[in-house]
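Have a look at the structure below, then the notes.
Residue numbers (our numbering), protein chains in the order written: chain E, 10 to 439; chain Z, 10 to 439.
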């Protein structure tokens, strides 16, 4: 194995400290959440979140690549053209996907109520939904409550907001850092995320809302966003399914004490890597909290002919059902890994491939190594480990973060729709 | 829904009758199997099969697209250039994949022993293996037994051969038909197959050996082979993994009573569709007997813009973990189906999509239909049903045959390698 960095930010030493406050850690942001009973009128869990900036922002977002796009994604794609986004309204319990014109009206109604409550224009609000596909939003239980939600906004609202966007997540996910920049000055970046099911490269059912007080142009923000998403959220896979609702939003309001960040400057590089750090931590939280997941596994492909070959190999291994089943059983089954590399489409030579669990070699030149299987088992019995696949064919590297596949995942995902419909019928809602 | 045939052979009425005898149903073929203890020296299950033609053949084969190819596949790819294949020697219990030069030597040794026992040249023998990847063949337990195996050859050896190539299959798979052609004349086609795990379009861990006594040229056989494989084995998916060992072999020895089949003749079309019929029946047996499968589902995509769009959509739905989980739970979750269509890469318009379970509409124009969910549940509770996805965007159609994904599949696949190594260690074999 050579020592080429798999992560371009490994070379950039970003001094930072982890701080409290998640999506409200940066200066000038507030958040709040309430319970509207979106999934179930009787439930009391938080399911509607609001995040706001006290002043003007530049904002960028990336959305699902799924051609079936939720109504909220469509509305966001219109509103993001606006120059000064001030708020994100987000619900769990219903994805507002496959809901047609009614869905668009509902998403716009959520923006409108939010705008009215905050005294901004409707187009300054982004809207996100996550939950079941194909059912209309219970909008009459949502819009009348938004004024009350806006009144609860507070700079310490992060935890409630992180909780309100959860679906099958078992834990709220938030993270924030402060980065020194200038003389005794700094900027902050923080965010929240939700994940759990339908997680896969190219944006999956995941939402992540990130705020920063760094001062920078929209162009510079876009550049940093593309870079950081590609290094983080686009590298995670739980079940290979890309959802209809995925959205990552970054708002920056320029209220930091640090000076403005100029295009092409060393500071721009620091910002990019700081943003990546926050996204990567949130992405890892999503993977670790995947539906009924028991293992977190880094798939590191080294020395591929090209980056495209490295990506194909890493993604095929990260998505292979048989590989994920063997992770679940703590089985160091390198044969399944090499077979996934083989069908990945990556240009490889079987007889050059080395495979390691942790640092322990399982396969050497395409053949079984001399390592006793008990040594390999020690590695894969851990809840977190890495698999390194050295293709010995070039110098391109790629990492994917994946999980095992448990029988509990299958059981958990086997009756969502019927259960939801029957629950509604019992309550006289359909 | 329109009524364009999804299957080009629907229009060709091939009169046929189903006959006994599988891979030995056609005239001039024999088979046999013995137990060599390949996986486990103490086991008594059949694990080595031999299939022979009594006279000259033209033979064609298609192999895995996986770039990691088993040693036996490499040897077959050399030998298939030979004009007159006479035998197939096949074992279960070890895939002879990722076994390097030793693997090639072992595969050749199997051909050599077989050739000596039959009095043919080594290059007239094809060799196939299926089982675990990455362990050397216990060749000393195989080659000395091949003479004995050859002595057991009989025209009624089909059932033993079908059983000997099973791995995690629960049932042997064989099928044969007789097709009238000419005055009181006929040809026969029959075969055996094994499947179970690692099944996915583009050839998966599946082996299928088919024999026919039809008289036809190698070119015509190749054409029929490509057509029939594309309509059958390349449309099945159990877990989306393409194996290192997949092989389909068709031998034809021209011993039928029916006259020779000429290129471009109506008889050539009948042969092609008859071959497809046999392959399709074997393919369906493989899917129905997938590892821990409880459902057999036809994914029918209609009215796509192009065939490529139809294939992308059908394959994405057939492979989606979340869709397969919902099949397992008898959940008519059309939202997951449309979301898989959305990320498939097919060019679609969400608002045109209709989805049916059986003949019952679940989704109309991208929105939920008015059908009560109990009606849909009746369909998906059946062990076999179809899902029709009408894209209403063109006139290209495609079918994929898939299964549910059960929690038992995951448990079943979670510890193969460790279990195999530990079993070997206990017996002092490693």
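For every residue, glycine included, the Cβ atom is placed at its ideal position computed from N, Cα and C.
- prompt: From residue 198 of chain E to residue 178 of chain E, what distance separates their C-alpha atoms?
  reply: Residue mapping note: residue 198 of chain E aligns to position 189 of the first chain, counting from 1. Residue mapping note: residue 178 of chain E aligns to position 169 of the first chain, counting from 1. Using only the alpha carbons, I get a separation of about 23 Å.
Are residue 176 of chain Z and residue 132 of chain Z closer than 8 Å when you measure CB to CB? Here residue 176 of chain Z refers to the residue found at position 167 when the second chain is read from its first residue. Here residue 132 of chain Z refers to the residue found at position 123 when the second chain is read from its first residue. The criterion of a C-beta distance shorter than 8 Å is not satisfied by residue 176 of chain Z and residue 132 of chain Z.
Query - Segment limits, beta strand (DSSP E) that includes residue 311 of chain E - result: Your numbering for residue 311 of chain E matches position 302 in the first chain. Residue 311 of chain E: member of the beta strand (DSSP E) spanning 305-313, first to last residue.
query: Should residue 27 of chain Z be labelled buried (16 or more other beta-carbon atoms within 10 Å of its own) or exposed?
result: For this step, residue 27 of chain Z is matched to residue 18 along the second chain. Exposed: under 16 other Cβ atoms inside 10 Å.
How many Å lie between residue 316 of chain Z and residue 402 of chain Z at the Cα? In the second chain, counting from the first residue as 1, residue 316 of chain Z sits at position 307. In the second chain, counting from the first residue as 1, residue 402 of chain Z sits at position 393. If I take the Cα positions, the gap works out to 12 Å.
How long is the line joining the alpha carbons of residue 397 of chain Z and residue 285 of chain E, rounded to whole angstroms? Within the second chain, residue 397 of chain Z is the residue found at index 388, counting from 1. Within the first chain, residue 285 of chain E is the residue found at index 276, counting from 1. Each residue's alpha carbon lies about 42 Å from the other.
Could you check if residue 400 of chain E is buried or exposed, using at least 16 other CB atoms within 10 Å of its CB as the buried criterion? Indexing the first chain from 1 puts residue 400 of chain E at position 391. Under this definition residue 400 of chain E is a buried residue.
- Message: Residues in the same chain with beta-carbon distance under 6 Å from residue 34 of chain E, minus the five sequence neighbours each way, listed in chain order, please.
- Response: Along the first chain, one-based indexing puts residue 34 of chain E at 25. Excluding residues within five positions, the ones whose Cβ falls inside 6 Å are 28, 185, 197, 199.
How would you write the range of the alpha helix (DSSP H) that residue 370 of chain E sits in, first residue to last?
Here residue 370 of chain E refers to the residue found at position 361 of the first chain. Run containing residue 370 of chain E: none in the alpha helix (DSSP H); it sits in the beta strand (DSSP E), 369-373.
In whole angstroms, what separates the C-alpha of residue 144 of chain Z from that of residue 117 of chain Z? One-based indexing of the second chain puts residue 144 of chain Z at position 135. One-based indexing of the second chain puts residue 117 of chain Z at position 108. Their backbone Cα atoms lie some 17 Å apart in a straight line.
Roughly how many angstroms lie between the CA atoms of residue 393 of chain Z and residue 272 of chain E, to the nearest whole one?
Stepping through the second chain from its first residue, residue 393 of chain Z is reached at position 384. Stepping through the first chain from its first residue, residue 272 of chain E is reached at position 263. A straight-line Cα-Cα distance of about 60 Å links residue 393 of chain Z and residue 272 of chain E.
Buried versus exposed, by CB contacts within 10 Å (16 or more), residue 24 of chain Z: In the second chain, counting from the first residue as 1, residue 24 of chain Z sits at position 15. By the neighbour-count rule (16 or more Cβ atoms within 10 Å), residue 24 of chain Z is not buried but exposed.
- request: Following the continuous alpha helix (DSSP H) through residue 127 of chain E, name the residue where it begins and the one where it ends.
  value: The residue labelled residue 127 of chain E in the question sits at position 118 within the first chain. Bounds of the alpha helix (DSSP H) holding residue 127 of chain E are 109-127.
request  = Ignoring anything shorter than 4 residues or poking outside the segment 218-262 of chain Z, list the alpha helix (DSSP H) runs there in chain order.
outcome  = Correct list: 227-240.
Assign residue 240 of chain Z to buried or exposed, taking buried as 16 or more other Cβ atoms, counted over all protein chains shown, within 10 Å of its Cβ.
-> Your numbering for residue 240 of chain Z matches position 231 in the second chain. Result: buried.
task = Quick one: give me the first and last residue of the alpha helix (DSSP H) that residue 275 of chain Z is part of.
result = Sequence index remark: in the second chain, residue 275 of chain Z carries index 266 (1-based). Secondary structure note for residue 275 of chain Z: its alpha helix (DSSP H) is the uninterrupted segment 275-297.
Q) Taking the alpha-carbon positions, what's the residue 298 of chain Z to residue 348 of chain E distance? A) If you number the second chain from 1, residue 298 of chain Z lands on position 289. If you number the first chain from 1, residue 348 of chain E lands on position 339. The straight-line gap separating the alpha-carbon atoms of residue 298 of chain Z and residue 348 of chain E is approximately 22 Å.
| field | For residue 479 of chain Z: DSSP bridge partner residues | value | For residue 479 of chain Z there is no data in the structure shown, the boundaries of chain Z being 10 and 439.
- Burial state of residue 207 of chain E (16 or more Cβ within 10 Å): The sequence position of residue 207 of chain E within the first chain is 198, counting from 1. Low confidence applies to residue 207 of chain E: its pLDDT is 44, below 50, so where it sits in the model is not reliable enough to give any reading.
Taking its Cβ as the centre, do 16 or more other Cβ atoms sit within 10 Å of residue 210 of chain Z, making it buried, or is it exposed?
Here residue 210 of chain Z corresponds to residue number 201 of the second chain, with the count starting at 1. Its pLDDT being 34, under 50, residue 210 of chain Z is placed unreliably by the model, and nothing is read from it.
Q.
So residue 255 of chain Z contacts chain E; which residues on that side make the cut at Cβ distance below 7 Å?
A. Locating residue 255 of chain Z in the second chain gives position 246, where the first residue counts as 1. Chain E residues near residue 255 of chain Z: none, gap ~10 Å exceeds 7 Å.
Locate the beta strand (DSSP E) running through residue 194 of chain E, then write down its first and last residues. As a working note, residue 194 of chain E is residue 185 in the first chain. Segment: none, residue 194 of chain E is in no beta strand (DSSP E) and carries neither H nor E.
Cβ shell of residue 215 of chain Z (< 7 Å), same chain only, five flanking positions each side left out = Taking the second chain and counting its residues from 1, one reaches residue 215 of chain Z at position 206. Result list for residue 215 of chain Z: 202, 203, 204, 208, 242, 255, 295, in chain order.
Helix, strand or coil at residue 189 of chain E according to DSSP, with G and I counted as helix: The residue you call residue 189 of chain E lines up with position 180 of the first chain. Judged by DSSP in its simplified three-state form, residue 189 of chain E adopts strand.
TODO: Identify the contact partners of residue 407 of chain E in chain Z, using a Cβ-Cβ distance below 7 Å as the criterion.
DONE: Taking the first residue of the first chain as 1, we reach residue 407 of chain E at position 398. Within 7 Å Cβ-Cβ: nothing; residue 407 of chain E doesn't reach chain Z, min ~17 Å.
#### Entry: Contact list for the segment 148-159 of chain Z against chain E, Cβ threshold 9 Å
Here the close residues number zero.
N- and C-terminal bounds of the beta strand (DSSP E) containing residue 88 of chain E: Sequence index remark: in the first chain, residue 88 of chain E carries index 79 (1-based). Careful: residue 88 of chain E lies outside any beta strand (DSSP E), inside the alpha helix (DSSP H) at 80-88.
| task | Can you pull the chain Z residues whose beta carbon is under 9 Å from the beta carbon of residue 486 of chain E, in chain order? | result | Lying before the first or after the last residue shown, residue 486 of chain E is absent from chain E, which here runs from 10 to 439.
Query raised in the report: Around the C-beta of residue 140 of chain Z, are 16 or more other C-beta atoms found within 10 angstroms, so that it is buried, or is it exposed?
Result: As a first step, residue 140 of chain Z is located in the second chain; it is residue number 131 there, counting from the start. Result: buried.
Checklist entry - Could one say the Cβ of residue 414 of chain Z lies closer than 8 Å to chain E's Cβ atoms, at least one of them? => result In the second chain, the residue the question calls residue 414 of chain Z occupies position 405. Cβ-Cβ to chain E under 8 Å: yes for residue 414 of chain Z.
For the 8 Å Cβ check, are there 3 or more pairs between the segment 60-71 of chain E and the segment 84-104 of chain E? Segments in contact, yes.
Can you pull out the residues from the segment 314-326 of chain Z whose beta carbon lies closer than 7 Å to at least one beta carbon of chain E? For the segment 314-326 of chain Z, which is checked against every Cβ of chain E, not one residue is closer than 7 Å.
Open item on the list: Between residue 158 of chain E and residue 41 of chain E, how many whole angstroms is the CB-CB distance? I'm expecting something under 8 Å.
Closed with: Start at 1 with the first residue of the first chain, and residue 158 of chain E comes out as number 149. Start at 1 with the first residue of the first chain, and residue 41 of chain E comes out as number 32. Indeed, because the Cβ distance is near 6 Å, the residues count as touching under 8 Å.
task: Sort E/267, E/172, E/225 by Cα distance to residue 194 of chain E and report the nearest one.
output: In the first chain, the residue the question calls residue 194 of chain E occupies position 185. Comparing Cα-Cα distances from residue 194 of chain E to each of E/267, E/172, E/225, the minimum goes to E/267.
Exercise. Can you pull the DSSP bridge partners for residue 76 of chain E?
Worked result: Within the first chain, residue 76 of chain E is the residue found at index 67, counting from 1. Residue 76 of chain E pairs with nothing; no bridge assigned.
Check your understanding: Buried or exposed: which applies to residue 181 of chain Z, given that a residue is buried once 16 or more other Cβ atoms fall within 10 Å of its Cβ?
Key -> One-based indexing of the second chain puts residue 181 of chain Z at position 172. Taking a 10 Å sphere around the C-beta of residue 181 of chain Z, we find 16 or more other C-beta atoms and assign the residue as buried.
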